[in-house]
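Mapping of the sequence shown onto the working numbering: residues 2 to 342, in sequence order.
For every residue, glycine included, the Cβ atom is placed at its ideal position computed from N, Cα and C.
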Amino acid sequence: MLILAIESSCDETCAAITQNGGVLSNVVSSQIQLHAEYGGIVPELATREHLKNLVPIARTALREAHVVPSQLDAVAATQGPGLPNALMIGFKAAQVLAFVLRKPFFGINHHEAHLYSPWISGEPPVAEFDSFQPNVSLVVSGGHTMLVHVESILRHRLLGSTVDDAAGECFDKVAKLIGLPYPGGPEIDRLAAMGNNKAHVFPRPMLLESNDDFSFSGLKTSVRYFLRDHPEVLNNGQQLRDLCASVQAAIVEVLVAKTIRAAKRVGVDCVTASGGVTCNRALRQELASACEQERLYLRLAQKSLCTDNAAMVGILAERKLLSDLPSTPIDADITSSWSLH
Ligand code: KG4
Ligand code: ZN
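1. Residues bridged to T163 by DSSP?
2. For the ligand ZN, list every residue whose C-beta falls under 6 Å from any of its heavy atoms, going in chain order.
3. Give a yes or no on whether the minimum CB-CB distance between N21 and chain D is below 8 Å.
4. Quick one: measure Cβ to Cβ for V140 and G276, integer angstroms, because I've assumed they're closer than 8 Å.
5. CA-CA distance, A94 and S9?
6. Compute every distance between the C-beta of F203 and the non-hydrogen atoms of the ligand KG4, then say whether any falls below 7 Å.
7. Could you spell out the range, first to last residue, of the alpha helix (DSSP H) harbouring L288?
8. Do the segment 15 to 34 and the segment 63 to 81 touch if we need at least three Cβ pairs shorter than 8 Å?
9. For K53, count the other beta carbons within 10 Å of its own beta carbon; 16 or more makes it buried, fewer makes it exposed. Which is it?
10. Taking the DSSP output, what are the residues bridged to H157?
11. Could you spell out the range, first to last residue, of the beta strand (DSSP E) harbouring I18?
12. What beta strand (DSSP E) runs, 3 residues minimum, are completely inside the segment 82 to 114?
13. Per the DSSP calculation, S138 is bridged to which residue(s)?
14. Would you kindly work out how many angstroms separate the C-alpha atoms of A258 and L148, rounded to a whole number?
15. When you measure from the CB of E170 to every non-hydrogen atom of the ligand KG4, does any distance come out below 7 Å?
16. Would the segment 130 to 138 and the segment 280 to 288 be scored as touching if the rule is three or more Cβ pairs under 8 Å?
17. For I154, which residues of its own chain have a beta-carbon under 7 Å away from its beta-carbon, when the five flanking residues on both sides are left out?
18. For M195, count neighbouring Cβ atoms within 10 angstroms of its own Cβ and tell me buried if that reaches 16, exposed if not.
19. Can you list, in chain order, the residues of its chain whose CB lies under 6 Å from that of V28, leaving out five sequence neighbours each side?
20. Can you name, in chain order, every residue of its own chain whose Cβ lies under 6 Å from the Cβ of I189, other than the five neighbours on each side?
21. Sorry if obvious, but does the Cβ on N281 come closer than 7 Å to a heavy atom of the ligand KG4?
22. Which of the three DSSP states is assigned to L5 in this structure?
23. Is the CB-CB distance between V253 and A274 below 8 Å?
24. Take V278 as the anchor and find which of D309, M207, L235 has the nearest alpha-carbon.
25. Go ahead and label A302 buried or exposed: buried means 16 or more other beta carbons lie within 10 angstroms of its beta carbon, across all protein chains shown.
26. Sort out for me which residues DSSP pairs T79 with in a bridge.
27. Cα separation between L192 and M89?
28. Considering only heavy atoms of the ligand KG4, does any lie closer than 7 Å to the CB of V255?
29. Taking a contact to mean a Cβ-Cβ separation below 8 Å, would you say F217 touches A167 in this structure?
30. Can you tell me where the beta strand (DSSP E) with L299 in it begins and where it stops?
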């Protein structure tokens, strides 16, 4: 079963061809450099870039997979959540293609797609659903932080999410306070690797609360106050690295502790993680050691599939098609604030 999938919910224009659980091509055009100039995502610029890049990216995905449109069995695209105009470009283009080809169309929830990206691995990537286990999944990106109980393939329940800033947002905002370029997560990761993560103790928001929600805006504020009181840190390389390591340790500890606690409470033997922040080396290490200690099976999305991509959209669409779930109407609209609830 051949599927062309498109993802354009935020600042990456992505197209992928998937076939029978395998990823034949997965092309991503990132807009990071464009938005870096403004210190964050500018929706209007994102829209224009999607308009410019979508057709060339889709063409590249088809060419790399040695597939022509008439061979496709279905077309899929992210329906939401995301930036409305950005979503609309990929979604409407995919609908038109499905209409012209007279093939089924699947509008996919971006976060639901993230839930399955940890099961896609290897080079070329293949979905390993034979080893699927019910799990608690941590989805951590620039805009979202959530814990989801994935009871079985295509069946999930949102356990909790952030009440204010997402973890990625916290990395990015702290990086901005320090004067690091956007996106700040990878920069903090890089500097933290050479720092002492016990140099400073920053708050671990909601760590001890018994719910599965997160809050990171207070942590960002405490870094702002710290810098107000210790401005000299910004001019000292090692002190800056220690600060990055200490902030990162606070974010990672909350994410890991709440994920493990949710997994044990829900009674699953497996934990998964995806989303851009899952590229963070400390998060990957700490999740691995916590899962080993608690005898939980851990599936981390491979780095190329942590960030936004269309492969996860195509793989999920194929599962829906194989499960005889209804396709999405060809005139359906985007759902820009589509929650996993
Ligand atoms: O999933 P993603 O690519 O885009 C969204 O849908 O938001 O995630 C982007 C986020 C940004 O906040 C970025 O700073 C963060 O992921 N990120 C990282 C790392 N790589 C990306 N955060 C911490 N450490 C990293 N290595
Ligand atoms: Zn995402």
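Per the coordinate set shown:
1. In the sequence shown, the residue the question calls residue 163 occupies position 162. In the DSSP output, where bridge partners are listed per residue, T163 has F215.
2. H111, H115, S142, G276, D309
3. Among the chains of the structure shown, chain D does not appear; only one protein chain is present.
4. For the purposes of this step, residue 140 is taken as the residue at position 139 of the sequence shown. For the purposes of this step, residue 276 is taken as the residue at position 275 of the sequence shown. That belief holds up - the Cβ atoms of V140 and G276 are roughly 5 Å apart, short of 8 Å.
5. Taking the sequence shown and counting its residues from 1, one reaches residue 94 at position 93. Taking the sequence shown and counting its residues from 1, one reaches residue 9 at position 8. Cα to Cα, A94 sits roughly 11 Å from S9.
6. For the purposes of this step, residue 203 is identified with residue 202 of the sequence shown, where counting begins at 1. False, no ligand heavy atom lies under 7 Å from that Cβ.
7. Residue mapping note: residue 288 aligns to position 287 of the sequence shown, counting from 1. Per DSSP, L288 belongs to the alpha helix (DSSP H) from 282 to 294.
8. yes
9. Numbered from its first residue, the sequence shown carries residue 53 at position 52. Per the 10 Å Cβ criterion, exposed.
10. Indexing the sequence shown from 1 puts residue 157 at position 156. Bridge partners of H157: V151.
11. Mapped onto the sequence shown, residue 18 falls at position 17. Element bounds for I18: 13 to 20.
12. 106 to 110
13. Residue mapping note: residue 138 aligns to position 137 of the sequence shown, counting from 1. Per DSSP, V149, T273.
14. Residue 258 sits at position 257 when you count from the first residue of the sequence shown. Residue 148 sits at position 147 when you count from the first residue of the sequence shown. Their Cα atoms are separated by approximately 12 Å.
15. Translated into positions along the sequence shown, residue 170 becomes position 169. The answer is yes for E170.
16. no
17. Counting from 1 along the sequence shown, the entry for residue 154 is found at position 153. The answer, listed in chain order, is F130, F133, R320.
18. The sequence position of residue 195 within the sequence shown is 194, counting from 1. The residue in question, M195, is exposed, as its Cβ has fewer than 16 Cβ neighbours within 10 Å.
19. As a position in the sequence shown, residue 28 is number 27, starting the count at 1. Contacts found: A16, I58, T61, A62.
20. Along the sequence shown, one-based indexing puts residue 189 at 188. Excluding sequence neighbours, I189 sits near F172, A176, C245, Q249.
21. Stepping through the sequence shown from its first residue, residue 281 is reached at position 280. Checking the Cβ of N281 against the ligand KG4 gives yes.
22. Here residue 5 corresponds to residue number 4 of the sequence shown, with the count starting at 1. Reduced to three states, the DSSP call for L5 is strand.
23. Residue 253 sits at position 252 when you count from the first residue of the sequence shown. Residue 274 sits at position 273 when you count from the first residue of the sequence shown. Their beta carbons are not under 8 Å apart, which means V253 does not touch A274 by this criterion.
24. Against the sequence shown, residue 278 aligns to sequence position 277. Ranking D309, M207, L235 by Cα distance to V278 puts D309 first.
25. Position 301 of the sequence shown, counted from the start, is the residue given in the question as residue 302. Buried is the call here.
26. Along the sequence shown, one-based indexing puts residue 79 at 78. I109.
27. By one-based count along the sequence shown, residue 192 stands at place 191. By one-based count along the sequence shown, residue 89 stands at place 88. Between L192 and M89, the C-alpha separation is close to 37 Å.
28. Sequence index remark: in the sequence shown, residue 255 carries index 254 (1-based). No.
29. Locating residue 217 in the sequence shown gives position 216, where the first residue counts as 1. Locating residue 167 in the sequence shown gives position 166, where the first residue counts as 1. Cβ atoms of F217 and A167: closer than 8 Å.
30. Along the sequence shown, read from residue 1 onward, the residue named residue 299 stands at position 298. Segment 298 to 301, the beta strand (DSSP E) holding L299.
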